[in-house]
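Read through the structure below, which is laid out as structure tokens, and then see the notes.
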Amino acid sequence: MVKEKCVCLVCHASVRHCLSVETWKGIHYETMHKNYEIDFPQKSELRRRKVLDSKSGLRAEQSMFTKPVKQTEAATIASFKISHIFAKHKKPFEDGPILKEALIEAADVLFRDFRNKTAIMSAVKEV
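When we follow this note's numbering, the leftmost residue of the sequence shown carries the number 118, and every step to the right adds one.
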């Protein structure tokens with residue numbers, strides 16, 4: 118299930134409202150993938166590899182959509198934090214110490230998921 122949708126690992130078909138996994142399997146799996154049990158027998162190494170490959174492929178496909186959303190959300194939050202700092206100090210965008218404070222806040226949000234966030238943050242603080 119992905120966001121309240123049943124998703125088939127074999128063909129990536131989805132149904133918005135799925136009553137249960139058993140219902141989905143009965144309706145879709147057994148009618149659309151009749152030969153799957155023959156080609157990939159249960160509890161076989163071949164089937165295990167096929168399922169792992171299918172899961173990783175589905176995750177990769179979905180990450181293409183979720184990553185840009187996270188980046189846009191982080192940019193919006195960073196923009197809000199910068200504006201909030203300048204409004205709080207009642208200063209224009211050209212005041213050096215306040216600009217540094219705003220950059221630190223923005224970097225904290227924008228580089229949240231980066232492996233080298235601490236190195237980036239220390240470089241921003243040294244500016």
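Glycine included, each C-beta is placed from N, C-alpha and C at the ideal position. Source: prediction; values computed, not measured.
Practice prompt. Closer than 7 Å by C-beta to LYS128: which residues in its own chain qualify, once you throw out the five before and the five after it? Chain order, please.
Written response: If you number the sequence shown from 1, residue 128 lands on position 11. Note that residue 128 is Cys in the sequence shown, not Lys. Non-local C-beta neighbours of CYS128 in its own chain, meaning closer than 7 Å and more than five positions away in sequence, comprise MET149, ordered along the chain.
Practice prompt. Would you tell me roughly how many angstroms separate the C-alpha atoms of ALA236 and LYS205, rounded to the nearest one?
Written response: In the sequence shown, counting from the first residue as 1, residue 236 sits at position 119. In the sequence shown, counting from the first residue as 1, residue 205 sits at position 88. Roughly 28 Å between the two C-alpha positions.
Item to complete: Could you spell out the range, first to last residue, of the alpha helix (DSSP H) harbouring PRO158?
Response: In the sequence shown, residue 158 corresponds to position 41, counting from 1. DSSP places PRO158 outside any alpha helix (DSSP H), giving it a letter other than H or E.
Worksheet item: How long is the line joining the alpha carbons of LEU163 and ASP156, rounded to whole angstroms?
Response: Looking up residue 163 in the sequence shown gives position 46. Looking up residue 156 in the sequence shown gives position 39. Using only the alpha carbons, I get a separation of about 9 Å.
Worksheet item: Taking the C-alpha atoms as reference points, what is the distance between ILE221 and LEU126?
Response: Residue mapping note: residue 221 aligns to position 104 of the sequence shown, counting from 1. Residue mapping note: residue 126 aligns to position 9 of the sequence shown, counting from 1. The alpha-carbon atoms of ILE221 and LEU126 are separated by roughly 43 Å.
Worksheet entry | Sequence-distant residues of the same chain with beta carbon closer than 8 Å to PHE228, five excluded per side | Translated into positions along the sequence shown, residue 228 becomes position 111. Excluding residues within five positions, the ones whose Cβ falls inside 8 Å are LYS234, ILE237 and MET238.
Item to complete: Let me know the secondary structure DSSP gives VAL244 once reduced to three states.
Response: Within the sequence shown, the letter at position 127 stands for residue 244. Coil, per DSSP.
Worksheet item: Which word fits ALA177, buried or exposed, when buried means at least 16 other C-beta atoms lie within 10 angstroms of its C-beta?
Response: Working through the sequence shown from its first residue, we reach residue 177 at position 60. Answer is exposed; the Cβ neighbour count stays below 16.
Worksheet item: Just the Cα atoms here: how many angstroms apart are PRO214 and HIS201?
Response: Indexing the sequence shown from 1 puts residue 214 at position 97. Indexing the sequence shown from 1 puts residue 201 at position 84. Approximately 15 Å between the Cα atoms of the pair.
Practice prompt. Take PHE231 and list the residues in its own chain whose beta-carbon comes closer than 7 Å to its own, dropping the five residues that flank it on each side.
Written response: Position 114 of the sequence shown, counting from 1, holds the residue named residue 231. Within its own chain, the residues whose Cβ lies closer than 7 Å to the Cβ of PHE231, once the five positions on either side in sequence are excluded, are ILE237, listed in chain order.
Worksheet item: Cα separation between ASP170 and ALA192?
Response: As a working note, residue 170 is residue 53 in the sequence shown. As a working note, residue 192 is residue 75 in the sequence shown. Spanning the two alpha carbons is a distance of roughly 33 Å.
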